[in-house]
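A.B. asks:
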Amino acid sequence: MHITFALVLGIALSGPRPGHIGVVKCDSPRPDSLVRATPPIYRACDVDKPARLHDAAPALNFYPERETGPRGQCYSASLEFVVGQDGAPEMDAVTPRNGSSPELQAVLRAQLSKLRYDPGLIAGFAVRQLVVYSRTLWMRVTRASPVNPQHPFAYTTRSSC
């Protein structure tokens, strides 16, 4: 009797979390580096509620020092990092992702410590989550008229391409 009860209890406790019975949210297993982290790091597809940027993204302090021509240029950059249980980016493992502008990536990296997130949640508890922060903007850079040695360029921007 006690063995049967212990076996049933063990199976019940080791099963999926409530609300996740038979649900596989991620297409692939988490990489070992995420599983072995302490506390573990989850992907957006692993959590009940993904991490979300708490406030609007800060203004970009991005001013390329070369002309783009009259049609302008699209700049994009992405960084991957872990959002901690406190909602702050963990600065020790920031990885550049795809993007067209290493200069814009450097600006985004400098901004990371200012970002705050609502952390990812599993069963109502905050967890560490891997996120990608991306920014894209269109910009036309022309020579300022009249030319000022301290500010030789004029900038026209849009928040999307």
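One point on numbering: in my numbering, the residue at position 29 of the sequence shown is 23, and numbering is uninterrupted. Note that the Cβ used here is the ideal one computed from N, Cα and C, for glycine as well. The structure presented is a predicted model; accordingly, all values stated were derived computationally and were not measured.
Considering only residues of the stretch 18 to 83, which uninterrupted beta strand (DSSP E) runs meet the minimum length of 3 residues and lie entirely inside it, listed in chain order?
C.D. replies: 67 to 77
A.B. asks: Within 10 angstroms of its Cβ, does Gln144 collect 16 or more other Cβ (buried), or is it exposed?
C.D. replies: exposed
A.B. asks: Taking the alpha helix (DSSP H) that Arg110 falls in, what are its first and last residues?
C.D. replies: Counting along the chain, Arg110 falls outside any alpha helix (DSSP H), and DSSP gives it neither H nor E.
A.B. asks: Using DSSP bridges, identify the partner residues of Val121.
C.D. replies: DSSP lists Gly114 as partners of Val121.
A.B. asks: Just mark Met85 as buried or exposed, buried being the case when its beta carbon has 16 or more other beta carbons within 10 Å.
C.D. replies: By the C-beta density criterion, Met85 is exposed, having fewer than 16 other C-beta atoms within 10 angstroms.
A.B. asks: What distance in whole Å lies between the Cβ atoms of Arg134 and Gln156, which are believed to be in contact at a cut-off of 8 Å?
C.D. replies: Residue coverage of the chain in this structure runs from -5 to 155, which leaves residue 156 outside it and unanswerable.
A.B. asks: Would you mind working out which of Ser139, Pro140, Arg129, Arg137 sits nearest Ser153, comparing C-alpha positions?
C.D. replies: Arg129
A.B. asks: Taking all protein chains shown into account, decide if Ala71 is buried (16 or more other Cβ within 10 angstroms of its Cβ) or exposed.
C.D. replies: buried
A.B. asks: Helix, strand or coil: how does DSSP classify Pro143 here?
C.D. replies: coil
A.B. asks: Quick check: the stretch 112 to 120 against the stretch 36 to 51, are there 3 or more CB pairs under 8 Å?
C.D. replies: yes
A.B. asks: State the Cα-Cα distance for the pair Val125 and Pro146, rounded to the nearest angstrom.
C.D. replies: Going from the Cα of Val125 to the Cα of Pro146 covers about 37 Å.
A.B. asks: When you compare only the Cα positions, how much space is there between Pro44 and Arg60?
C.D. replies: 38 Å
A.B. asks: For Asp42, collect the residues of the same chain with a Cβ closer than 6 Å to its Cβ; drop the 5 residues on either side in sequence, then sort them by chain order.
C.D. replies: Excluding its 5 nearest sequence neighbours in each direction, Asp42 has C-beta neighbours in its own chain below 6 Å: Leu115, Ile116, listed in chain order.
A.B. asks: How about Leu131 and Leu47: are their beta carbons less than 8 Å apart?
C.D. replies: For the 8 Å CB-CB criterion, Leu131 and Leu47 do not form a contact.
A.B. asks: Would you kindly work out how many angstroms separate the C-alpha atoms of Pro90 and Pro140, rounded to a whole number?
C.D. replies: 38 Å
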